[in-house]
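Heads up: the structure comes next, in structure tokens.
Residue numbers (the numbering used here): 3 to 489.
Written as structure tokens, this is what we have:
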């Protein structure tokens with residue numbers, strides 16, 4: 003049941019992360035929040051479902067995302083049966099600048115659209131968190147605690163001396179359901195983490211926040227004015243002014259330029275660690291930040307040798323090894339403390355203790371211009387999906403699946419021609435105003451610059467092989483003239 007509060011509730015989902023530590027499963031245009039690895043829904047859709055449990059049907063949903071990802075993310079949500087028909091406000095960041103500028107921009111937008119007293123539930127889009135009554139009770143308590151202008155965090159009861167998380171120290175003087183926060187602690191060593199566990203008033207920092215829009219903005223400004231080390235919060239004043247300008251006019255060129263030049267800064271350091279108005283709601287619900295590929299281990303119990311084999315994998319005599327394959331047969335033999343993750347177009351083999359360093363591989367691949375860092379093989383669309391079969395210099399081959407009753411936008415390309423071959427189902431094809439039907443085994447050609455649309459008027463799936471040829475094959479070479487999904 004949704005939280006019943008006098009204040010209006012806004013869920014703000016931060017979805018701008020690149021997920022480089024989850025490569026090769028995640029890509030620049032398909033980061034980990036869009037993966038369905040951990041259940042039937044993606045992490046992003048799961049976050050939206052949890053938000054709805056708290057804000058109810060009257061609450062508003064905002065997603066903060068970068069311009070380069072907004073179309074792909076929009077398509078991902080439109081492809082979902084439920085969320086594809088629910089209004090969502092997309093707040094586009096001019097540049098990825100970490101959580102402080104992102105949350106400042108979201109708070110400014112909410113303040114403009116509603117009021118400074120409107121309450122924001124800031125939720126990461128790429129975490130695993132349980133839903134249900136314990137989740138709702140925790141977030142309801144956080145909403146209540148935020149009504150006095152506090153910045154309210156959610157702290158997880160630690161179950162082990164974990165060194166990979168930040169910790170929140172709560173005041174032991176308070177009997178409140180949301181005690182004041184004494185301090186935030188960066189990832190401690192094991193001995194210190196064990197001490198925190200024994201003391202009992204330390205909690206894992208979940209990265210979630212509940213606060214009024216005006217409180218977020220004012221605490222950022224106060225941090226800039228009052229902190230004794232001015233350089234620790236030097237960008238906060240420009241950050242808030244810029245966020246408010248963009249909230250009033252997203253096309254403000256001066257504000258966009260200022261935002262682009264803001265320092266990358268997490269909200270914890272920009273405000274929470276400097277504010278005197280921070281509280282924490284302790285909770286024991288299940289949670290994971292999905293911080294590296296080691297999170298895949300939660301999907302399966304290990305065998306007697308500590309090894310997990312998922313998907314089309316076979317292992318002999320490996321110890322403490324993860325073998326994950328999304329499709330192909332992957333065989334491992336005699337490995338120790340190793341991660342093997344295989345996808346359709348890339349395979350990672352890494353030492354387990356280097357799981358947090360996978361981003362270094364991505365950095366090197368980006369330096370080489372490797373396409374495997376940008377796109378995944380399959381991309382969801384509101385009308386179905388496409389899967390890249392092969393690509394080379396000047397050409398690519400996709401398999402397109404169009405759902406019954408669905409159609410692609412009326413569009414054209416300036417840099418490529420396309421040849422469609424129907425494999426299954428019956429295609430209705432429009433090319434420069436001419437309509438014709440294409441049956442299995444037949445094909446049709448779309449010249450460069452031609453207006454065209456592919457539709458499935460039947461009641462079964464339509465499968466088409468598309469061969470595209472041209473000097474540029476990027477997804478942004480699409481000019482849409484008519485689209486039933488309002489993209």
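Idealized CB from N, CA, C, for every residue including glycine. If you're wondering where the values come from, they're calculated on a predicted model, not measured in any experiment.
Item checked: Three-way DSSP call (helix, strand, coil) for residue 488 in this model -> The count along the chain shown starts at 1 and reaches residue 488 at position 486. Coil at residue 488, not helix or strand.
Notebook entry, point to check: Going by the CB atoms, is the gap between residue 215 and residue 113 shorter than 7 Å?
Noted result: As a position in the chain shown, residue 113 is number 111, starting the count at 1. As a position in the chain shown, residue 215 is number 213, starting the count at 1. Yes.
Notebook entry, point to check: Between 345, 324, 468, which lies nearest to residue 448 when the distance is taken from Cα to Cα?
Noted result: Position 446 of the chain shown, counted from the start, is the residue given in the question as residue 448. Closest option to residue 448, Cα to Cα, is 468.
Margin query: Does residue 470 come out as helix, strand or coil in the three-state DSSP assignment?
Written below: Here residue 470 refers to the residue found at position 468 of the chain shown. Three-state result, residue 470: strand.
Next item on the list: Determine the contact status of residue 386 and residue 405, defining contact as a CB-CB distance below 7 Å.
Entry: Residue numbering aside, residue 386 sits at position 384 when the chain shown is read from its first letter. Residue numbering aside, residue 405 sits at position 403 when the chain shown is read from its first letter. For residue 386 and residue 405, yes; Cβs fall inside 7 Å.
Checklist line | Local Cβ density within 10 Å of residue 150, reported as buried at 16 or more and exposed below that | finding: Counting from one through the chain shown, the residue named residue 150 turns up at place 148. Answer is exposed; the Cβ neighbour count stays below 16.
Check: With C-beta atoms as the reference, is residue 328 less than 7 Å away from residue 340?
Finding: Looking up residue 328 in the chain shown gives position 326. Looking up residue 340 in the chain shown gives position 338. Taking 7 Å as the Cβ cut-off, residue 328 and residue 340 do not qualify as a contacting pair.
Check: Measuring CB to CB, does residue 392 end up less than 7 Å from residue 380?
Finding: Here residue 392 corresponds to residue number 390 of the chain shown, with the count starting at 1. Here residue 380 corresponds to residue number 378 of the chain shown, with the count starting at 1. No, these two residues do not count as a Cβ contact at 7 Å.
Note to self: Assuming the contact rule is C-beta atoms closer than 8 Å, residue 16 and residue 104 should be a hit. Round their C-beta distance to whole Å, please.
What the structure shows: In the chain shown, residue 16 corresponds to position 14, counting from 1. In the chain shown, residue 104 corresponds to position 102, counting from 1. So it is a contact: roughly 6 Å between Cβ atoms.
Check: Below 8 Å, can you find three or more Cβ-Cβ pairs linking the stretch 128 to 148 to the stretch 259 to 266?
Finding: no
Item checked: Extent of the continuous beta strand (DSSP E) run through residue 418 -> For this step, residue 418 is matched to residue 416 along the chain shown. Taken as a continuous stretch (DSSP letters only), the beta strand (DSSP E) holding residue 418 covers 418 to 426.
Notebook entry, point to check: Leaving out the 5 sequence neighbours to the left and right, which residues in its chain are closer than 7 Å to residue 324 when beta-carbon positions are compared?
Noted result: Numbered from its first residue, the chain shown carries residue 324 at position 322. Here the set comprises 298, 299, 310, 341, 342.
Checklist line | Straight-line Cα distance separating residue 434 from residue 452 | finding: If you number the chain shown from 1, residue 452 lands on position 450. If you number the chain shown from 1, residue 434 lands on position 432. Taking the straight line from one Cα to the other gives about 6 Å.
Notebook entry, point to check: If you run the structure through DSSP and keep just helix, strand and coil, what is residue 271?
Noted result: Translated into positions along the chain shown, residue 271 becomes position 269. Helix.
Checklist line | Proximity of residue 203 and residue 174 at Cβ, strictly below 7 Å | finding: For the purposes of this step, residue 203 is identified with residue 201 of the chain shown, where counting begins at 1. For the purposes of this step, residue 174 is identified with residue 172 of the chain shown, where counting begins at 1. Result yes, Cβ atoms of residue 203 and residue 174 sit closer than 7 Å.
Item checked: Cα-Cα separation, residue 129 to residue 54 -> Within the chain shown, numbered from 1, the residue matching residue 129 stands at position 127. Within the chain shown, numbered from 1, the residue matching residue 54 stands at position 52. Rounded to whole angstroms, residue 129 to residue 54 spans 16 Å at the Cα level.
Note to self: So, under 8 Å CB-CB, residue 23 and residue 377 are touching, yes? Tell me the CB distance rounded to an integer number of Å.
What the structure shows: The residue you call residue 23 lines up with position 21 of the chain shown. The residue you call residue 377 lines up with position 375 of the chain shown. Wrong, their Cβ atoms sit about 18 Å apart, outside the cutoff.
Next item on the list: Would you kindly work out how many angstroms separate the C-alpha atoms of residue 441 and residue 244, rounded to a whole number?
Entry: Within the chain shown, the letter at position 439 stands for residue 441. Within the chain shown, the letter at position 242 stands for residue 244. Looking at the two C-alpha atoms, the distance is approximately 55 Å.
Notebook entry, point to check: Which two residues bound the contiguous beta strand (DSSP E) that contains residue 48?
Noted result: Counting from 1 along the chain shown, the entry for residue 48 is found at position 46. Element bounds for residue 48: not the beta strand (DSSP E) but the alpha helix (DSSP H), 45 to 57.
Margin query: Taking the straight line between their C-alpha atoms, what separation do you get for residue 201 and residue 168?
Written below: To locate residue 201, count along the chain shown from 1; it is residue 199. To locate residue 168, count along the chain shown from 1; it is residue 166. Roughly 16 Å between the two C-alpha positions.
Next item on the list: Measure the Cβ-Cβ separation of residue 106 and residue 241 and say whether it is below 7 Å.
Entry: The sequence position of residue 106 within the chain shown is 104, counting from 1. The sequence position of residue 241 within the chain shown is 239, counting from 1. Against a cut-off of 7 Å, the Cβ pair of residue 241 and residue 106 comes out as a contact.
Next item on the list: Could you tell me whether the Cβ atoms of residue 37 and residue 27 are closer together than 7 Å?
Entry: Translated into positions along the chain shown, residue 37 becomes position 35. Translated into positions along the chain shown, residue 27 becomes position 25. Their beta carbons are under 7 Å apart, which means residue 37 touches residue 27 by this criterion.
Next item on the list: Out of 93, 34, 82, 84, state which residue places its alpha-carbon closest to the alpha-carbon of residue 12.
Entry: Residue mapping note: residue 12 aligns to position 10 of the chain shown, counting from 1. Here the closest residue by C-alpha is 93.
Next item on the list: Taking the CB atoms as reference points, tell me whether residue 47 and residue 82 lie closer together than 7 Å.
Entry: Mapped onto the chain shown, residue 47 falls at position 45. Mapped onto the chain shown, residue 82 falls at position 80. Contact: yes.
Margin query: Which same chain residues end up closer than 6 Å to residue 163 when comparing Cβ atoms and leaving out the 5 residues on each side of it in sequence?
Written below: Reading the chain shown from its first residue, position 161 is the one you call residue 163. Closer than 6 Å at the Cβ level, and outside the excluded window around residue 163, lie 192, 195, 196, 199.
Item checked: Beta-carbon proximity list for residue 373, same chain, < 8 Å, skipping 5 on both sides -> In the chain shown, the residue the question calls residue 373 occupies position 371. If we look at residue 373 and ignore the five residues flanking it on each side, its Cβ neighbours are 393.
Next item on the list: Evaluate contact between the stretch 451 to 465 and the stretch 406 to 423, counting only Cβ atoms and requiring at least three cross-stretch pairs below 8 Å.
Entry: yes
Item checked: C-alpha gap between residue 10 and residue 119, whole angstroms -> Here residue 10 refers to the residue found at position 8 of the chain shown. Here residue 119 refers to the residue found at position 117 of the chain shown. The straight-line gap from Cα to Cα measures roughly 8 Å.
Checklist line | Segment limits, beta strand (DSSP E) that includes residue 220 | finding: Residue numbering aside, residue 220 sits at position 218 when the chain shown is read from its first letter. No beta strand (DSSP E) contains residue 220, which is instead part of the alpha helix (DSSP H) from 215 to 228.
Note to self: For a test of the three-state rule: what should DSSP assign to residue 12, helix, strand or coil?
What the structure shows: If you number the chain shown from 1, residue 12 lands on position 10. The answer is strand: DSSP assigns residue 12 an E or B state.
Checklist line | Classification of residue 295 by the beta-carbon crowding that lies within 10 angstroms, buried from 16 upward | finding: Here residue 295 corresponds to residue number 293 of the chain shown, with the count starting at 1. The residue is buried, with at least 16 neighbouring Cβ atoms inside 10 Å.
Check: Which residues share a DSSP beta bridge with residue 242?
Finding: Here residue 242 refers to the residue found at position 240 when the chain shown is read from its first residue. Residue 242 pairs with nothing; no bridge assigned.
Check: Are the beta-carbon atoms belonging to residue 65 and residue 90 less than 7 Å from one another?
Finding: As a position in the chain shown, residue 65 is number 63, starting the count at 1. As a position in the chain shown, residue 90 is number 88, starting the count at 1. The answer is yes: Cβ separation under 7 Å.
Next item on the list: Could you tell me which of 86, 286, 71 sits nearest to residue 488, measuring between CA atoms?
Entry: To locate residue 488, count along the chain shown from 1; it is residue 486. Minimum Cα distance to residue 488 is reached at 86.
Item checked: Per-residue burial, residue 402 [other beta carbons within 10 Å of its own, 16 or more giving buried] -> To locate residue 402, count along the chain shown from 1; it is residue 400. Classification of residue 402: buried, given that the 10 Å Cβ count is 16 or more.
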